[in-house]
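Residue numbers (the numbering used here): 7 to 187.
See the structure below:
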């Protein structure tokens, strides 16, 4: 998805996001993960910006714990509708309850994949383990190694093509959700 409009609210913000999802799949009141942040759809439609779109509102908790306050018109975000009973579950359970942000401090091409090195605040390190799962910008990933406050993940070509990870650069802050299992 792409942020098409950002409107300030009293201690919050409203975002209009274009999407490839059909509007009938985006019910007002339902949850949608926007780069890993669970947000509630407050409006939806098509044609307003010549695309399908929905609007969400974010408040203090999301603005404080995530990278959402940095989003502007033109920011691309990963989108994922809520899992429905009976749907295939790939990866691990991602709830959309972001714990904080990690910073990309290095990236290295490894063939058609890219290894990202990320730094986190020290309070997260006890929960990040080698070969454990982690969600970054809503993408379920496997931690390859951990040393102090730095860990790395390898993102394969398919994931680079279908998420915003292909555009990620050193210095970016990404939403971090620790695996709850």
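No residue lacks a Cβ here, since even glycine has one placed at the ideal position from N, Cα and C.
Query, Result
"Would you say residue 105 and residue 184 are within 8 Å of each other, going by their C-beta atoms?", "yes"
"In the segment 122 to 150, which residue ranges form an unbroken alpha helix (DSSP H) of at least 4 residues, counting only runs that do not cross its ends?", "none"
"Below 8 Å between beta carbons: does that hold for residue 57 and residue 24?", "yes"
"Using 8 Å as the threshold, is the C-beta distance between residue 12 and residue 34 below it?", "no"
"Helix, strand or coil, according to DSSP, for residue 64 in the structure here?", "strand"
"How about the segment 153 to 165 and the segment 175 to 183: do they share at least three Cβ pairs that are nearer than 8 Å?", "no"
"Looking only at its chain, what residues have a beta carbon closer than 6 Å to the beta carbon of residue 179, apart from the 5 residues adjacent to it on each side?", "73, 107 and 109"
"What are the boundary residues of the alpha helix (DSSP H) that residue 99 is part of?", "Where residue 99 is concerned, there is no enclosing alpha helix (DSSP H), given that its DSSP letter is neither H nor E."
"Would you mind reading off the limits of the alpha helix (DSSP H) that contains residue 48?", "Run containing residue 48: none in the alpha helix (DSSP H); it sits in the beta strand (DSSP E), 43 to 52."
"Between which two residues does the alpha helix (DSSP H) holding residue 165 run?", "163 to 168"
"Run through DSSP, which three-state label would residue 172 get?", "helix"
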